[in-house]
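Enquirer: Just so we're aligned, residue 97 is where the sequence shown starts under my numbering, counting upward by one.
Think of the CB as a built atom: it goes at the ideal place given N, C-alpha and C, for glycine as much as any other residue.
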Amino acid sequence: MKKELPPLNWTFDQKLRGLLALINIALTVLAVWVSPVINDDGALYLAQAKAFSEGGFEAAWKVYNWPFYSFLIYIVHAVTWFGWEWSAYVVNMLCYALLFDCLYRLFRLVAPDTSLGIWFAILLLCFTPLNDYRDMIVRDAGYWAFLVAAIYYFCRYIAQPNAKRLLGWHGCALIAVLFRVEGVLVYIFLPFLALLLPEYRRRVIGNVISLKLLPLLLLVASVVAVMVFDYQARDFKKFSQLFNSATGFINGVAGHVEGLTEHVLPKFSRDLAPFIYLGAMAFYLVAVIVQGVSYAWSLLFVWMFCRGKANSVVEGRLMVTRIVLCAAIISMLTLYCFALYRSFTTVRYMMPVILLLFFVASFGLVRLALNAGNGKWWARAGLYLLLFYGFADPYVSSNISKEAWPEVGDQISNVINSEMTLSNDQLLSHYAESKGVVWSSSYFTQDADWFKWFSGWLVKKGFKYLMLKEGGGVTEEALMAKVPFKLVETFELNKREKVLLFKVEAK
Numbered sequence: 097m098k099k100e101l102p103p104l105n106w107t108f109d110q111k112l113r114g115l116l117a118l119i120n121i122a123l124t125v126l127a128v129w130v131s132p133v134i135n136d137d138g139a140l141y142l143a144q145a146k147a148f149s150e151g152g153f154e155a156a157w158k159v160y161n162w163p164f165y166s167f168l169i170y171i172v173h174a175v176t177w178f179g180w181e182w183s184a185y186v187v188n189m190l191c192y193a194l195l196f197d198c199l200y201r202l203f204r205l206v207a208p209d210t211s212l213g214i215w216f217a218i219l220l221l222c223f224t225p226l227n228d229y230r231d232m233i234v235r236d237a238g239y240w241a242f243l244v245a246a247i248y249y250f251c252r253y254i255a256q257p258n259a260k261r262l263l264g265w266h267g268c269a270l271i272a273v274l275f276r277v278e279g280v281l282v283y284i285f286l287p288f289l290a291l292l293l294p295e296y297r298r299r300v301i302g303n304v305i306s307l308k309l310l311p312l313l314l315l316v317a318s319v320v321a322v323m324v325f326d327y328q329a330r331d332f333k334k335f336s337q338l339f340n341s342a343t344g345f346i347n348g349v350a351g352h353v354e355g356l357t358e359h360v361l362p363k364f365s366r367d368l369a370p371f372i373y374l375g376a377m378a379f380y381l382v383a384v385i386v387q388g389v390s391y392a393w394s395l396l397f398v399w400m401f402c403r404g405k406a407n408s409v410v411e412g413r414l415m416v417t418r419i420v421l422c423a424a425i426i427s428m429l430t431l432y433c434f435a436l437y438r439s440f441t442t443v444r445y446m447m448p449v450i451l452l453l454f455f456v457a458s459f460g461l462v463r464l465a466l467n468a469g470n471g472k473w474w475a476r477a478g479l480y481l482l483l484f485y486g487f488a489d490p491y492v493s494s495n496i497s498k499e500a501w502p503e504v505g506d507q508i509s510n511v512i513n514s515e516m517t518l519s520n521d522q523l524l525s526h527y528a529e530s531k532g533v534v535w536s537s538s539y540f541t542q543d544a545d546w547f548k549w550f551s552g553w554l555v556k557k558g559f560k561y562l563m564l565k566e567g568g569g570v571t572e573e574a575l576m577a578k579v580p581f582k583l584v585e586t587f588e589l590n591k592r593e594k595v596l597l598f599k600v601e602a603k
């Protein structure tokens with residue numbers, strides 16, 4: 097007997113999904129109102145969006161080499177009356193609305209009961225890690241949204257193939273890659289893992305061809321394009337970069353292992369350094385997830401993940417759960433390789449894994465919420481307190497350390513008066529709002545001799561001011577000793593950071 101996914105109550109779902117979209121817009125506006133100062137990465141994306149308007153794609157590519165998110169900001173700015181910052185927030189609002197909509201629709205595939213859907217929507221709105229990034233201008237929200245959308249269409253296509261669902265899978269997966277390049281690994285490898293679904297294996301063997309054909313063709317076309325480009329240039333540099341990326345990863349990991357061997361491990365443990373490093377980075381990723389989710393949510397995750405997976409098996413929804421877990425594993429392995437190479441990661445990078453694990457755990461979380469009324473008073477109070485904390489915390493924790501940045505930026509803008517200025521901080525340059533401000537960071541930690549050479553370069557290029565922010569262990573006294581220019585004014589950002597503005601003059 098052919099198994100199909102349950103039909104949806106579209107009338108109710110459409111109303112709830114529309115309400116979720118409106119709530120997302122309201123929450124984003126609230127988050128921006130509470131914390132109006134943009135993040136550091138946001139200044140970079142806005143600078144790239146402005147480069148689109150001033151110099152087109154080539155100018156934007158020079159700012160940052162993955163410009164899709166900034167291009168969307170530029171489009172919104174071009175067709176609306178919004179400023180640059182609110183154009184970015186509009187893009188994020190739409191991405192958040194799509195993310196919540198796709199997570200809800202994915203959940204309804206495995207839980208057709210209306211009350212379960214309502215509680216899942218409530219849990220989503222109260223999930224702290226999601227709310228933490230509403231006020232940030234980052235491309236990740238678009239990546240999360242289209243990654244989940246791709247998984248949703250993938251599940252629908254595996255259950256009942258048709259052209260619309262196949263197009264949805266390929267389209268959403270490709271757009272996710274345009275937001276963040278690591279999405280290409282999910283796009284390539286997830287269809288192969290569909291062969292692990294025993295109840296659909298016969299149908300999947302045929303479906304994998306259509307699921308895999310486009311990404312494989314794109315991969316081959318990309319390699320051919322690189323080879324043709326290199327052949328025309330007669331240098332083969334770009335093709336060699338593909339090889340150098342692999343060797344660079346190996347050398348990078350080996351360098352971290354060597355550093356661990358020389359500076360951390362005792363003599364008799366050094367032979368185990370590679371295994372210790374691999375294990376330490378795996379533990380590090382788990383610690384980052386726990387930090388991002390919070391200890392309370394993490395404990396619920398562990399308990400409800402097991403119960404949620406069990407519930408999905410009992411209810412006959414194992415196929416969707418397996419696909420989501422496969423996507424989480426691919427994302428986790430990708431981030432693990434990144435952490436091995438760079439020796440760091442962030443909660444924001446781990447969010448795809450967190451979201452997919454949250455989806456699996458949500459079966460148990462929803463059951464817990466539904467049964468809370470029949471439980472003990474302290475269990476109900478604990479659940480409601482956790483939900484309230486997850487919902488309210490991001491909106492009462494404003495970015496206090498950067499509240500003075502817009503005001504300081506205006507003050508600096510009045511002093512430099514659109515003269516060519518070199519700054520070591522992208523965010524500060526954004527708030528200075530001067531076309532003459534150019535961001536760079538290469539000189540910030542250099543020695544005095546380097547500054548002497550650099551001063552001549554500044555004069556030669558026609559810069560009138562040098563704007564330096566304290567940070568990275570460099571103090572005001574150290575900058576005063578290094579910079580060979582006259583200090584015009586000092587601006588205080590907070591108790592720990594200042595901005596020093598120097599007048600560039602030939603000597």
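1. Quick check on DSSP: helix, strand or coil for GLU499?
2. Among LEU115, LEU123, SER166, which has the Cα closest to the Cα of ALA139?
3. Taking the runs of the alpha helix (DSSP H) that are 4 residues or longer, which of them lie wholly in the region 563-597?
4. Report the rounded CA-to-CA distance for ALA245 versus GLY351, giving the unit in angstroms.
5. Look up VAL607 in the DSSP assignment and say whether it is helix, strand or coil.
6. Please confirm if the region 497-511 is in contact with the region 581-597, defined as three or more CB-CB distances below 8 Å between the two stretches.
7. Please report how far the alpha carbon of PHE371 lies from the alpha carbon of TRP215, in whole angstroms.
8. Inspect the CB distances between the region 115-123 and the region 150-161 and report whether three or more fall short of 8 Å.
9. If we call anything under 9 Å between Cβ atoms a contact, is MET563 one with LEU518?
10. Strictly under 9 Å for the Cβ-Cβ distance: is VAL187 near chain D by that measure?
11. Report, in whole angstroms, the separation of the C-beta atoms of GLU566 and THR430, which I expect to be a contact under 8 Å.
12. Hey, could you find the ends of the beta strand (DSSP E) THR442 is sitting in?
13. Where ARG113 and TYR239 are concerned, what is the direct C-alpha to C-alpha distance, given to the nearest angstrom?
14. Can you give me the C-alpha to C-alpha distance between ARG366 and LEU436, rounded to a whole angstrom?
15. From MET447, SER427, VAL353, pick the residue whose C-alpha is nearest to that of VAL386; which is it?
16. Under 9 Å, do ASN135 and VAL234 count as touching if we go by C-beta distance?
17. Cβ of VAL416 within 9 Å of Cβ of LEU202?
18. Using the Cα positions of ASP331 and PHE164, report the straight-line distance between them to the nearest angstrom.
19. Go through its chain and collect everything with a Cβ distance to ALA241's Cβ below 6 Å, but skip five positions before and after it.
20. Looking only at its chain, what residues have a beta carbon closer than 8 Å to the beta carbon of TYR283, apart from the 5 residues adjacent to it on each side?
21. Once you ignore the five residues that flank GLU572 on each side, which residues in its own chain have a CB closer than 8 Å to its CB?
22. From LEU263, PHE250, GLN256, pick the residue whose C-alpha is nearest to that of LEU286; which is it?
23. Quick one, are the C-beta atoms of TYR248 and ALA237 less than 9 Å apart?
24. Would you list the one or two residues that DSSP bridges to SER519?
25. In the DSSP assignment, find the unbroken alpha helix (DSSP H) run with GLU154 in it and report its ends.
26. Is it true that the CB of ALA184 sits closer than 9 Å to the CB of VAL172?
27. Smallest Cα separation from LEU414: which of SER211, LEU205, GLU150?
28. Looking only at its own chain, which residues have a Cβ that is under 8 Å from the Cβ of TRP180, when we skip the five neighbours before and after it?
29. Just mark PHE153 as buried or exposed, buried being the case when its beta carbon has 16 or more other beta carbons within 10 Å.
30. Is THR441 near VAL384, with beta carbons less than 9 Å apart?
31. Excluding the 5 residues flanking VAL353 on each side, which residues of the same chain have their C-beta closer than 6 Å to its C-beta?
32. For ASP137 and ASN227, what's the separation of their Cα atoms in angstroms?
33. Measure the alpha-carbon distance for ARG592 versus GLY213 and round it to whole angstroms.
34. Distance check for ASP197 and LYS111, CA to CA, integer angstroms please.
Expert: The relevant details are as follows:
1. On the sequence shown, residue 499 is found 403 positions in, with the first residue counted as 1. GLU499 falls in the coil class under three-state DSSP.
2. As a working mapping, residue 139 is identified with position 43 in the sequence shown. Of the listed residues, the one whose Cα sits closest to ALA139 is SER166.
3. Counting only runs of at least 4 residues, the region 563-597 fully encloses the following alpha helix (DSSP H) elements, listed from N- to C-terminal order: 572-578.
4. Taking the sequence shown and counting its residues from 1, the one referred to as residue 245 is at position 149. Taking the sequence shown and counting its residues from 1, the one referred to as residue 351 is at position 255. Going from the Cα of ALA245 to the Cα of GLY351 covers about 38 Å.
5. This structure gives no information on residue 607, because the portion of the chain shown stretches from 97 to 603.
6. The way I'd put it, the region 497-511 does touch the region 581-597; three or more beta-carbon pairs between them come closer than 8 Å.
7. Here residue 371 is taken as the residue at index 275 of the sequence shown, counted from 1. Here residue 215 is taken as the residue at index 119 of the sequence shown, counted from 1. Looking at the two C-alpha atoms, the distance is approximately 43 Å.
8. Verdict: no, contact absent.
9. Here residue 563 refers to the residue found at position 467 of the sequence shown. Here residue 518 refers to the residue found at position 422 of the sequence shown. Closer than 9 Å, so yes.
10. The structure shown contains no chain D, having only a single protein chain.
11. Taking the first residue of the sequence shown as position 1, residue 566 is located at position 470. Taking the first residue of the sequence shown as position 1, residue 430 is located at position 334. GLU566 to THR430, Cβ: 36 Å. No contact.
12. By 1-based counting over the sequence shown, the position of residue 442 is 346. Where THR442 is concerned, there is no enclosing beta strand (DSSP E), given that its DSSP letter is neither H nor E.
13. Here the question's residue 113 lines up with position 17 in the sequence shown. Here the question's residue 239 lines up with position 143 in the sequence shown. Going by the C-alpha atoms only, they are around 20 Å apart.
14. Here residue 366 corresponds to residue number 270 of the sequence shown, with the count starting at 1. Here residue 436 corresponds to residue number 340 of the sequence shown, with the count starting at 1. Cα to Cα, ARG366 sits roughly 18 Å from LEU436.
15. Taking the first residue of the sequence shown as position 1, residue 386 is located at position 290. Closest option to VAL386, Cα to Cα, is MET447.
16. Sequence index remark: in the sequence shown, residue 135 carries index 39 (1-based). Sequence index remark: in the sequence shown, residue 234 carries index 138 (1-based). Going by C-beta atoms, ASN135 is nearer than 9 Å to VAL234.
17. As a working mapping, residue 416 is identified with position 320 in the sequence shown. As a working mapping, residue 202 is identified with position 106 in the sequence shown. Taking a C-beta distance under 9 Å as the contact criterion, VAL416 and LEU202 qualify as a contact pair.
18. Within the sequence shown, numbered from 1, the residue matching residue 331 stands at position 235. Within the sequence shown, numbered from 1, the residue matching residue 164 stands at position 68. Note that ASP331 scores 49 on pLDDT, short of 50, meaning its location in the model is unreliable and no value can be drawn from it.
19. Along the sequence shown, read from residue 1 onward, the residue named residue 241 stands at position 145. CYS191, LEU194, LEU195.
20. For the purposes of this step, residue 283 is taken as the residue at position 187 of the sequence shown. Cβ within range, chain order: ALA246, ALA269, LEU270, ALA272, VAL273, PRO311.
21. On the sequence shown, residue 572 is found 476 positions in, with the first residue counted as 1. Cβ within range, chain order: GLU566, THR586, LYS594, LEU596.
22. Locating residue 286 in the sequence shown gives position 190, where the first residue counts as 1. Per the C-alpha coordinates, the member of LEU263, PHE250, GLN256 positioned closest to LEU286 is PHE250.
23. Position 152 of the sequence shown, counting from 1, holds the residue named residue 248. Position 141 of the sequence shown, counting from 1, holds the residue named residue 237. No, Cβ-Cβ distance for TYR248 and ALA237 is not below 9 Å.
24. Start at 1 with the first residue of the sequence shown, and residue 519 comes out as number 423. Residue pairing by DSSP places SER519 opposite TRP535, MET563 in a beta bridge.
25. One-based indexing of the sequence shown puts residue 154 at position 58. Its alpha helix (DSSP H) spans residues 136-159.
26. Against the sequence shown, residue 172 aligns to sequence position 76. Against the sequence shown, residue 184 aligns to sequence position 88. Yes.
27. Sequence index remark: in the sequence shown, residue 414 carries index 318 (1-based). Of SER211, LEU205, GLU150, the smallest CA-CA separation from LEU414 is found for LEU205.
28. Start at 1 with the first residue of the sequence shown, and residue 180 comes out as number 84. The beta carbon of TRP180 is closer than 8 Å to those of LEU142, ALA145, LYS146, ILE169, HIS173 in its chain, skipping five residues each way along the sequence.
29. Within the sequence shown, numbered from 1, the residue matching residue 153 stands at position 57. PHE153 should be labelled exposed.
30. Working through the sequence shown from its first residue, we reach residue 441 at position 345. Working through the sequence shown from its first residue, we reach residue 384 at position 288. Their beta carbons are under 9 Å apart, which means THR441 touches VAL384 by this criterion.
31. Residue numbering aside, residue 353 sits at position 257 when the sequence shown is read from its first letter. Closer than 6 Å at Cβ, skipping near neighbours: ALA369, PRO370, TYR373.
32. Reading the sequence shown from its first residue, position 41 is the one you call residue 137. Reading the sequence shown from its first residue, position 131 is the one you call residue 227. Straight through space, the alpha carbons of ASN227 and ASP137 are spaced by roughly 18 Å.
33. One-based indexing of the sequence shown puts residue 592 at position 496. One-based indexing of the sequence shown puts residue 213 at position 117. Their Cα atoms are separated by approximately 47 Å.
34. Here residue 111 refers to the residue found at position 15 of the sequence shown. Here residue 197 refers to the residue found at position 101 of the sequence shown. In a straight line, the C-alpha of LYS111 is about 11 Å away from that of ASP197.
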